[in-house]
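Student: Below are the structure tokens for one structure; questions will follow.
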Amino acid sequence: LELAMSCRVMLKLSAEQRVNFTSTLKTAWVEECHREFSQWYSAQDEQGREYWCHEATRQTMWSHPSQVILPAYYMLHSMADKLADQEFVDGVLASRDDEDPF
15 LELAMSCRVM LKLSAEQRVN FTSTLKTAWV EECHREFSQW YSAQDEQGRE YWCHEATRQT
75 MWSHPSQVIL PAYYMLHSMA DKLADQEFVD GVLASRDDED PF
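So in our numbering, spot 47 of the sequence shown is number 61, and the numbers just go up one at a time.
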């Protein structure tokens, strides 16, 4: 949802505003990722298998948090980079203009 809303906002901005907004978003997302990642710690079950726990939510998972958290942030950063690229934005806007309204 955050990504879709950001895309809609960015497509209405000038190129310069879009680059500035993208930079601000990426900085915020990096900080958020660091905060989220720092809340996970490893533990072991009775059989010695490692699992991961979230300090605040007490959520647990077998996968390392980097396998769950980082792909989502990578996707956000990749889309932000694309939206800062004027050629990409021009293509998106042109394809919207060509769509059949029905």
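All C-beta atoms in this analysis are idealised placements derived from N, C-alpha and C, irrespective of residue type, glycine included.
Keep in mind it's a predicted model, so treat the numbers as computed, not measured.
Give me, in chain order, the residues of the same chain whose beta-carbon lies closer than 7 Å to that of residue 50; leave out the 5 immediate sequence neighbours on both sides.
Tutor: Stepping through the sequence shown from its first residue, residue 50 is reached at position 36. For residue 50, where only same-chain residues beyond five positions count, the Cβ hits under 7 Å are 83.
Student: Give the straight-line distance between the Cα atoms of residue 25 and residue 90, rounded to the nearest whole angstrom.
Tutor: Taking the sequence shown and counting its residues from 1, the one referred to as residue 25 is at position 11. Taking the sequence shown and counting its residues from 1, the one referred to as residue 90 is at position 76. Using only the alpha carbons, I get a separation of about 15 Å.
Student: Does residue 98 pass the burial test, meaning 16 or more other C-beta atoms within 10 Å, or should it be called exposed?
Tutor: Along the sequence shown, one-based indexing puts residue 98 at 84. That one is buried.
Student: Can you tell me the Cα-Cα spacing of residue 63 and residue 77, whole angstroms?
Tutor: Start at 1 with the first residue of the sequence shown, and residue 63 comes out as number 49. Start at 1 with the first residue of the sequence shown, and residue 77 comes out as number 63. Each residue's Cα considered, the two are about 11 Å apart.
Student: Could you please give the first and the last residue of the uninterrupted beta strand (DSSP E) stretch that includes residue 60?
Tutor: Locating residue 60 in the sequence shown gives position 46, where the first residue counts as 1. Segment: none, residue 60 is in no beta strand (DSSP E) and carries neither H nor E.
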